[in-house]
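Sequential numbering from 1 applies to the sequence shown in full-length UniProt numbering.
Ideal Cβ positions, reconstructed from N, Cα and C, are used throughout, including at glycine.
Predicted model, so just to flag it, every value in this text is computed and none were measured.
Data first, discussion second: the structure below is written as structure tokens.
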Amino acid sequence: MQLGAKIVNEIAQEHIILVDENDNNIGVAEKISAHVNAQMHRAFSIFVFNSKGELMLQKRAKKKYHCGGLWSNTCCSHPRPNEPIERGIHRRLREEMGFDCPLEEKFSFKYKITFDNGLTENEYDHVFAGKYENNPVLNPAEADGWRWISLPELKSDIKKNHNRYTHWLKIAINCPQINESATNNTNDK
1 MQLGAKIVNE
11 IAQEHIILVD
21 ENDNNIGVAE
31 KISAHVNAQM
41 HRAFSIFVFN
51 SKGELMLQKR
61 AKKKYHCGGL
71 WSNTCCSHPR
81 PNEPIERGIH
91 RRLREEMGFD
101 CPLEEKFSFK
111 YKITFDNGLT
121 ENEYDHVFAG
131 KYENNPVLNP
141 AEADGWRWIS
151 LPELKSDIKK
161 NHNRYTHWLK
171 IAINCPQINE
181 SATNNTNDK
């Protein structure tokens with residue numbers, strides 16, 4: 001699959017933070033360049049739960065530069081250069097899903113995967129969790145759909161239909177801190 005010129009132009013204008021293996025800033029790169037050259041960069045993944053302990057999944061817009069049409073966690077993106085990650089998480093949650101809520105960092109992990117279109121995600125991913133009870137207002141440039149799902153149901157479906165989900169979701173969903181976040185939200189009623 002080749003990237004369309006319009007998509008390449010849009011993401012070429014964005015810049016992301018390059019990091020080392022310990023998440024220390026080592027520079028800035030154009031978003032497309034970092035993904036073409038497999039450079040490690042800072043990212044975040046947001047997991048929003050309701051009071052039933054269900055996770056809000058996002059179906060990525062088909063026209064995204066990678067993983068279009070796949071189900072993923074509530075929101076995922078990159079902080080901008082000189083933007084504290086705490087500001088970036090709230091900015092992107094509003095931009096992608098049309099709402100904001102309190103978020104708490106739970107853990108971080110590193111992963112690297114090359115996609116069929118030749119781009120590579122090489123991320124130091126900070127995972128945040130929050131609680132929200134209402135429906136999102138999707139940005140169609142970012143998401144084609146959403147749904148609430150229990151973690152046991154999600155894990156079961158990932159086993160049966162692993163190609164419907166993003167790589168980073170499949171990693172993060174098995175971390176104990178995600179289960180704790182879902183359980184804590186059911187205890188907060």
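Residue i: first and last residue of the uninterrupted alpha helix (DSSP H) it sits in
i: VAL137; result: Per DSSP, VAL137 belongs to no alpha helix (DSSP H) and is neither H nor E.
i: ARG42; result: Not the alpha helix (DSSP H): ARG42 falls in the beta strand (DSSP E), residues 41–49.
i: LYS31; result: 31–36
i: ASP157; result: 151–160
i: LYS170; result: 167–172
i: GLU96; result: 85–97
Per-residue burial, residue i [other beta carbons within 10 Å of its own, 16 or more giving buried]
i: GLY130; result: buried
i: THR183; result: exposed
i: HIS41; result: buried
i: ALA34; result: buried
i: ILE26; result: exposed
i: GLY69; result: exposed
i: ASP116; result: exposed
i: residue 196; result: A query on residue 196 cannot be resolved here, the shown segment of the chain reaching from 1 to 189 and no further.
i: SER51; result: exposed
i: GLU21; result: exposed
i: GLY53; result: buried
i: ASN73; result: buried
i: GLU123; result: buried
i: ALA141; result: exposed
Start-to-end residues for the beta strand (DSSP E) that takes in residue i
i: HIS15; result: 15–19
i: LYS110; result: 103–114
i: GLY130; result: 120–131
i: LEU57; result: 55–60
i: CYS76; result: 75–77
Other residues of its chain near residue i: CB distance less than 8 Å, five sequence neighbours each side excluded
i: ASN139; result: GLU95, GLU96, MET97, GLY98
i: ILE171; result: PHE109, TYR111
i: TRP71; result: LEU57, GLN58, LYS59, ARG60, ARG164, TYR165, THR166, LEU169
Near the ligand FAD: residue i beta-carbon under 6 Å from a heavy atom
i: GLU105; result: With respect to the ligand FAD, the structure shown offers nothing to examine, as it has no ligands at all.
Residues of its chain near residue i, where Cβ-Cβ distance is below 6 Å and the 5 sequence neighbours each way are ignored
i: ILE113; result: GLU121, HIS167
i: HIS78; result: ILE16, ALA43
i: ARG147; result: LEU57
i: VAL127; result: SER45, LYS106, PHE107, ALA172
Any chain B beta carbon closer than 7 Å to residue i
i: ASN24; result: Among the chains in the structure shown there is no chain B, since it carries only a single protein chain.
Proximal residues to residue i (C-beta, below 7 Å), its chain only, five neighbours per side dropped
i: GLY145; result: LYS59
- Task: Please confirm if the region 132–141 is in contact with the region 154–162, defined as three or more CB-CB distances below 8 Å between the two stretches.
- Result: Because the criterion of three Cβ pairs below 8 Å is not met, the region 132–141 and the region 154–162 do not touch.
- Query: Is there contact between the region 99–107 and the region 17–26, where contact requires at least three CB pairs shorter than 8 Å?
  - Reply: no
- Message: Quick check: the region 47–65 against the region 83–91, are at least 3 beta-carbon pairs closer than 8 Å?
- Response: Flag = no, the region 83–91 and the region 47–65 do not touch.
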